Structures are given as C-alpha cells and as structure tokens.
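Counting from -3, one number per residue, gives the positions in the sequence shown under this note's numbering.
So the structure is just underneath, and the comments pick up after that.
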Amino acid sequence: MEKLSNTMYSPSRIGTFSDCRLKYKYEYIDKLESDLETIEAFRGGIIHQVLEEFYKLVKGGLVKNIDWVIKEYTELWSKNYNERIKIVKKQFTAEDYFNKGKQCLLDYYEKYKPFNQAKVVATEEQLLFAIKYNETTCQFRGILDRLDWNDKTNMFEIHDYKVNNKLITQGEADNDWQLGLYSIALKNKWPDADKVKLIWHSLLFNKEVVSSRTPVQAEELQKNVIGLIKEIESCEDFYPEKSPLCDWCDFQKICPLWRHPKKMEDIPVNEYKNDDGVKLVEKYAALEGTKNELKKTIYEIEEEQAKIKEVVIEYAEKEKISVIDGSEAQIKIDIKNELKAPTKSEDPSNWVQLRDFLIKEGRYQDVSTVNSNMLSYKLRGKDWPADFIEKIKKFLKREVTKTIKLIKK
Ligand code: SF4
C-alpha cells in the first residue's frame, strides 16, 4: 500500500492549501508563528467553549438554564478579550460582536431546549484516522464539535457549530469533505453505524443544515482528498492567492503581495513620496497614462485611415489600377479572393463544426498548437486530476517569466 509522507493532515491544513498556497508554506512548512487573533475567531472560540461545557453537563444529566449559559459566555469573554484582537470590519465594535454572539446562544438555547433530542457521546472529541483510496493511505486528525447518538433513529449525529457570517448552503453541506471524512472515521470506529447524520448549526442565522454520505460518496471523497494531498506533497510553486481572506491573514507583513503596501500605510506623506518603490510606480503610471492617450490618438487615426482605405479601393477599382502614386509614397492595392476559416468569436457554431470535421478526418493536429497560456491556466485550476498533472509535467519546462502590470488602487 502506497503511503504518503508521515504528515498528519487536518481539515484546516488542507483548507489553508486550497485558500492560499503561500500561506500554507508559511504556516506548515516554514512553521512561522502567527499571533493574529481576529474578533470572529475569538468569538467563535468562546461560543465553542460555552457549548462544550454546557453539553458536558448535559451528558451527565444536568441541563443548565440560559442564565448560566450567558454568564459563562460573558465571563469567558471578559477574561480573555484583549486589545490585540483584530477587528477587520471597522464599522463594528467588539461590543457588537459580543452582543451578536450572545443572541446566537439565546436563539440556540430556545430552539433546542430541553436538550433531549439525542444522547451526547462526546464534545470537542479528537479523531485520529486514516483515509484510503486504492493503494494509498494518509493520516488525518480532526476535532468534532459534538457527537450524539440518537437512539430513536439509530444514528450517530455529528454536530458542527459555525459562527461565521455566511449561511452554509445545502449544496456546500452535501459537498463538505470535513464532516464527510469524520463520518468515515466514525464508521471505522463503529462499523454498525450504517448512517451518520451530519448537522451544521449556522449559529448567526439560527439555522441547521443536514446532510449525509452514501458509501459511494464516501469512496469518492477519499479519492478526492488523497488526490489533493498528493498535490500538496508534490507542490513546488507556493504562489500567493489574493482574496478577501488576506484581511484575516497574519502573514501580510511578509507576503510579497502585501509587504510593500502594508509598510506604506504607516509612513508619513513626505516619506511616502520619497520611497523608491512609490516613485517607480508613479513614473510607470504616468507613462501608462501617456501611452493610453497615444493609443486613443492611434485609434482615431486608424478609424480615419479605414475610411480613406474604402475610398482608395473604390478609386482603384474604378480606374482599374493596383498602384496609386503619391508625392512621397504609393499605395499598392491587393484584392484577393481566398478561402478563410471562421473564427471562434465571430462564428462559433461554424468554428465548432470545422474543428469536429478536422478531428474526424485526422487533420486536427496539423493545424492546432499547444497553447502555453491555456496550459498554465489548467495547471493552476482544480479541474484536472493530480495524477494527470503529474504525467503531463514531463513535457513541460520550468521557466522564470517576469512581467509587470499596473493596477489601480
Ligand atoms: S496575505 Fe493573502 S496572499 Fe499573502 S499569504 Fe496571506 S492569504 Fe496568502
């Protein structure tokens, strides 16, 4: 059986790679420390702790009232809150976040009291398990928010508390591999657990979303996750991926996409203007402005020339001549009657028919070429399987390309 590295994977580790490869490198390969704590993560952590303590007591037969829940939440918040916690969305205060979290707990309590829907098996339970596909296996670690056994439905229930601002959709729940993998781990632990119910509690919306996995889906999931881990382990290009998540990333100060802009945020205006980088950008931007003006002029000239061209052709046809004399130049007129292929943008259906015909006749290779841009796009995308990408790599040459692009703030 092929074993990947001894690395212990976790949902957050894989999630980080999918979000941004450079962040993955900083965090898991270079092992750089991150001391950033955002208010969203802080509030989520406190709510998880409160529900953990609450359900531990429920497990032992003691259901605390809502006042106890709110008191726990308030005490944990005040004990742990500090000024270093980052609030990215400046329109909200820490108090707004606190109040919203409190409302989540009030709504949750009201919805599930008297908390006898199922029997609590574990809270914040660590799962260590292996996932397998064909001859490949890899080690995984995950933490379940809560595991219940429902003796009415004879089903395990995996509960996941979500305290983020996005309501999980049914499609996302049906495709979520984190809880999907946990259900596989549970079935390994309790082979008689035929069905595992997966429940996401979107606490900010007081809504639960439910899903499950069939054996075929579980197999497919393991195949996809193993494919992704192979991609991680063979990755050579840990490029940064700019996204809204950058605002919650503690590596902005070293990330090549953010290091200079972040440094410039804090310096006085006169120093800002004297910064070598700023000067270069301003010079380049000024030239770009001039270039755009010239392009506009060239476009106007070309339009004028196009009009003259029509008149020139008309004149040549009328006079039956193919060269027109001028004081410093001549114009030569070529009128050809040739066959032209349709273009994909102007006549897509005819273009497709022609392409299919060439393929059918075995002539397509004669006219098509390998398009490097398209290939790079496909390699960066997520729609080609990892084993295919591995095979195609032997045809490719690693080359450093240097381009610049002016981006308006
Ligand atoms: S700041 Fe953004 S691009 Fe840079 S490492 Fe973090 S997530 Fe990636």
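All C-beta atoms in this analysis are idealised placements derived from N, C-alpha and C, irrespective of residue type, glycine included.
The structure presented is a predicted model; accordingly, all values stated were derived computationally and were not measured.
Who are the Cβ neighbours of residue i in its own chain at under 8 Å, not counting the five residues just before and after it?
i: T34; result: I81, K82, I83, V84 and W244
i: R351; result: Y360
i: D383; result: G223 and K226
i: E72; result: Note that residue 72 corresponds to Leu in the displayed sequence, not to Glu. I42, Q45 and V46, listed in sequence order.
i: P110; result: V59
i: Y69; result: I42, I43, V46, G97, K98 and L101
i: L253; result: P236, K238 and C242
i: K316; result: none
i: E229; result: L0, S1 and T3
i: V274; result: M260 and Y268
Per DSSP, which one or two residues make a beta bridge with residue i?
i: F152; result: W145 and V192
i: G138; result: L123
i: H197; result: Y157 and E204
i: Y5; result: F136
i: Y20; result: Answer by DSSP bridge pairing: none, since Y20 is not bridged.
i: K82; result: T34
i: Y129; result: T132
i: A118; result: L143
What are the boundary residues of the alpha helix (DSSP H) that includes residue i?
i: Q326; result: Unbroken run through Q326 is the beta strand (DSSP E), Q326 to K328; no alpha helix (DSSP H).
i: F111; result: Per DSSP, F111 belongs to no alpha helix (DSSP H) and is neither H nor E.
i: A214; result: P211 to E229
i: F384; result: A382 to K389
i: R351; result: P344 to K356
i: S74; result: I62 to N76
i: Q301; result: D272 to E315
i: A37; result: I35 to K55
i: L182; result: W173 to K185
i: P257; result: R255 to E261
i: V363; result: Y360 to V363
Could you please give the first and the last residue of the uninterrupted beta strand (DSSP E) stretch that includes residue i?
i: I320; result: V319 to D321
Thinking just about the alpha-carbon of each residue, which of the options is nearest to the one in residue i?
i: A337; options: I331, Q349 and P252; result: Q349
i: F152; options: S179, T133, T132 and L217; result: S179
i: D330; options: E306, F384, P344 and I250; result: E306
i: S198; options: S341, E324 and K96; result: K96
i: D141; options: K158, N130 and I127; result: K158
i: Y105; options: D63, K401 and K387; result: D63
i: E284; options: D103, N146, F88 and I403; result: I403
i: N160; options: E23, F201 and I10; result: F201
i: V396; options: E386, L123, L28 and S372; result: S372
i: F94; options: I66, Q113, N112 and Y108; result: I66
i: Y221; options: C231, K291, Q166 and T133; result: Contrary to the premise, residue 221 reads as Val rather than Tyr in this sequence. If we check each option's Cα against that of V221, T133 comes out closest.
i: Q113; options: G176, N150 and K279; result: N150
Quick one: residues in its chain with C-beta nearer than 7 Å to the C-beta of residue i, no 5 flanking neighbours on either side, listed in chain order?
i: D170; result: S207
i: P7; result: G138 and Q174
i: K52; result: T119
i: T339; result: W347
i: K203; result: L163
i: D147; result: K115
i: H155; result: D141, R142, D144, I195 and H197
i: H256; result: G273
i: E357; result: none
So, for residue i: in the same chain, excluding its five sequence neighbours on each side, which residues have a beta-carbon less than 6 Å away from its beta-carbon?
i: E237; result: C16
i: D246; result: S30 and L32
i: I320; result: I327
i: F38; result: I81
i: D92; result: none
i: A181; result: L123 and F125
i: Y129; result: Q218, K219 and I222
Hey, would you say the C-beta of residue i is under 6 Å away from at least one heavy atom of the ligand SF4?
i: C100; result: no
i: P257; result: no
i: K82; result: no
i: P240; result: no
i: L18; result: yes
i: F13; result: no
i: C251; result: yes
i: C231; result: no
i: Q248; result: yes
i: W244; result: no
i: W64; result: no
i: P7; result: no
i: W406; result: Residue numbering for the chain in the displayed model covers -3 to 405; residue 406 lies beyond these limits and cannot be assessed.
i: P264; result: no
i: P338; result: no
i: P344; result: no
i: P381; result: no
Are there any heavy atoms of the ligand ADP lying less than 6 Å away from the beta-carbon of residue i, as far as the coordinates show?
i: Y235; result: The model on display carries the ligand SF4 but not the ligand ADP.
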